[in-house]
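Q: Could you have a look at this structure, given as structure tokens, before my questions?
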Amino acid sequence: ADITTPLSKSPYKGAAVQPIDGSQAKTLAEMEARWDDSFSFAPIRESQVSRAMTRRYFADLDEYAESDVVIVGAGSCGLSTAYSLASRRPDLKIAIIEAGVAPGGGAWLGGQLFSAMVMRKPADAFLRELGVPFDDEGAFVVVKHAALFTSTLLSKVLAFPNVKLFNATAVEDLITRPTADGKVRVAGVVTNWTLVSMHHDDQSCMDPNTINAPVVISTTGHDGPFGAFSAKRMVSMQQLKELGGMRGLDMNRAEDAIVKRTREIVPGLVIGGMELSEVDGANRMGPTFGAMALSGVKAAEETLKVWDA
Ligand code: AHZ
Numbered sequence: 366a367d368i369t370t371p372l373s374k375s376p377y378k379g380a381a382v383q384p385i386d387g388s389q390a391k392t393l394a395e396m397e398a399r400w401d402d403s404f405s406f407a408p409i410r411e412s413q414v415s416r417a418m419t420r421r422y423f424a425d426l427d428e429y430a431e432s433d434v435v436i437v438g439a440g441s442c443g444l445s446t447a448y449s450l451a452s453r454r455p456d457l458k459i460a461i462i463e464a465g466v467a468p469g470g471g472a473w474l475g476g477q478l479f480s481a482m483v484m485r486k487p488a489d490a491f492l493r494e495l496g497v498p499f500d501d502e503g504a505f506v507v508v509k510h511a512a513l514f515t516s517t518l519l520s521k522v523l524a525f526p527n528v529k530l531f532n533a534t535a536v537e538d539l540i541t542r543p544t545a546d547g548k549v550r551v552a553g554v555v556t557n558w559t560l561v562s563m564h565h566d567d568q569s570c571m572d573p574n575t576i577n578a579p580v581v582i583s584t585t586g587h588d589g590p591f592g593a594f595s596a597k598r599m600v601s602m603q604q605l606k607e608l609g610g611m612r613g614l615d616m617n618r619a620e621d622a623i624v625k626r627t628r629e630i631v632p633g634l635v636i637g638g639m640e641l642s643e644v645d646g647a648n649r650m651g652p653t654f655g656a657m658a659l660s661g662v663k664a665a666e667e668t669l670k671v672w673d674a
């Protein structure tokens, strides 16, 4: 099957100069027959490469400046949230903002830099839906490499036409509006390139950008240099009394609590994954990822309740 989008159907059709036909092989087998002097890539002008990237990026910035949902953080919970939301609601425009260059957060490895990833049942249902193979060990399942889970999930999320991932981009603040009862509603995010965010101390005048959205889902992980971002901001804005403070490790208590408590924390702000442990003072679970996947599924449901209200 031809996996390229015909130029006439591309939403970026204004972007291209006339394509140069390289008369290249159409299949790998045809190409393999040409490992000789006749082999060459289709010719290109450097500016075509620049324009192919920048026009798409700026079209996306323009398009997603008004999003329906913004997900902050593309770790195991954020990506599970994005998958659940995008697969249910192709009509929603979903922006994912990830501070790191590489999306996936802590989900490229299991625990202590080991490769296997453990998920307690019933989170195996999520793996079945994604088509990620696992060993069944009774009460829990094991994916042979955490990267298999994360890369499969990521590839599916990125393939949804209604999802845009902005990586290397940090959420620096939240957009808020006053409510009738004197509190605030979250109405979007304030963003900047992560490398810029890291240099506010030694450079001046590096103002941020914004994305408006009726619902923001924050899944930035537990407290750390970047983590628990929205929970901390809600405390500094006096919308939460204090950080709950993540408690010690207790797998049984932690996983149930994180999934059950995944919810809208203040109007317009749903929090999921380990960031929640800093809201409620829940235990950590250590290297078992079922709660991250199912907190993502629940965050999508909670978001739709807010959206449809
Ligand atoms: O880069 C962060 C990571 O990819 C990103 N992030 C954090 N702050 C951000 C900001 N703007 C944009 N201000 C930001 N992105 O959020 C992602 C969080 O991923 P994670 O893997 O740290 O969190 P998670 O809740 O998805 O998964 C937690 C996994 C853990 S921690 C744990 C324990 O400590 O016991 N156990 C498990 C399973």
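Here the numbering used here runs 365 ahead of the position in the sequence shown, where the first position is 1.
Backbone N, C-alpha and C fix where the C-beta goes; we use that ideal spot for every residue, glycine too.
Output the boundary residues of the alpha helix (DSSP H) element that contains Leu474.
A: Note, Leu474: premise wrong, no alpha helix (DSSP H); not H, not E.
Q: Tell me, please, which residues DSSP counts as bridged to Ala460.
A: In DSSP, Ala460 forms a bridge with Val435 and Lys529.
Q: Just verifying my parser: in three-state terms, what is the DSSP assignment at Met418?
A: If DSSP states are grouped into helix, strand and coil, Met418 belongs with the helices.
Q: Which residues does DSSP pair with Gly553 in a beta bridge?
A: Ile540 and Asn577, per the DSSP bridge assignment.
Q: For Gly443, which residues from the same chain have a beta carbon less than 6 Å from its beta carbon, with the 5 sequence-adjacent residues on both sides left out?
A: Excluding residues within five positions, the ones whose Cβ falls inside 6 Å are Ile436 and Thr584.
Q: Can you look up Asp386 in the DSSP assignment and give me helix, strand or coil?
A: For Asp386, the predicted structure reports a pLDDT of 45, less than 50, and the residue's modelled location is therefore unreliable. A value from the coordinates is still provided. Three-state result, Asp386: coil.
Q: Would Gly646 and Arg612 qualify as a contact pair, given that the criterion is a beta-carbon distance under 7 Å?
A: Yes, the Cβ-Cβ distance between Gly646 and Arg612 is below 7 Å.
Q: Between which residues of its own chain and Thr541 is the CB-CB distance below 8 Å, once the five residues before and five after are set aside?
A: So the qualifying residues of the chain are Val549, Arg550, Val551, Ala552 and Met602.
Q: Return yes when at least one heavy atom of the ligand AHZ lies under 6 Å from the C-beta of Ser445, else no.
A: Checking the Cβ of Ser445 against the ligand AHZ gives no.
Q: Any contact between the segment 484-502 and the segment 585-595? By contact I mean 3 or more CB pairs, one from each, below 8 Å.
A: Cβ pair count under 8 Å is below three, so no.
Q: Are the beta-carbon atoms of Ala451 and Val528 separated by less than 7 Å?
A: It is a contact, given that the beta carbons lie within the stated cut-off.
Q: Can you give me the Cβ contacts of Val434 inside the same chain, cut-off strictly under 7 Å, excluding the 5 residues immediately before and after it?
A: Answer for Val434: Leu450, Leu457, Ile459, Ala578, Val580, Ile582 and Thr668, listed in chain order.
Q: Sorry if obvious, but does the Cβ on Cys442 come closer than 6 Å to a heavy atom of the ligand AHZ?
A: Within the cutoff, so yes.
Q: For Gln568, count neighbouring Cβ atoms within 10 angstroms of its own Cβ and tell me buried if that reaches 16, exposed if not.
A: Label assigned to Gln568: exposed.
Q: On the three-state DSSP scale, how would you describe Ile582?
A: In the structure shown, Ile582 sits in a strand (DSSP, three-state: E or B).
Q: In terms of residue numbering, what span does the beta strand (DSSP E) encompassing Arg493 cover?
A: Premise fails: Arg493 lies in the alpha helix (DSSP H), Asp489 to Leu495, not in any beta strand (DSSP E).
Q: Any idea if Glu463 is buried or exposed, counting beta-carbon neighbours within 10 angstroms, 16 or more meaning buried?
A: Answer is buried; the Cβ neighbour count reaches 16.
Q: Which residues share a DSSP beta bridge with Thr534?
A: Trp558, per the DSSP bridge assignment.
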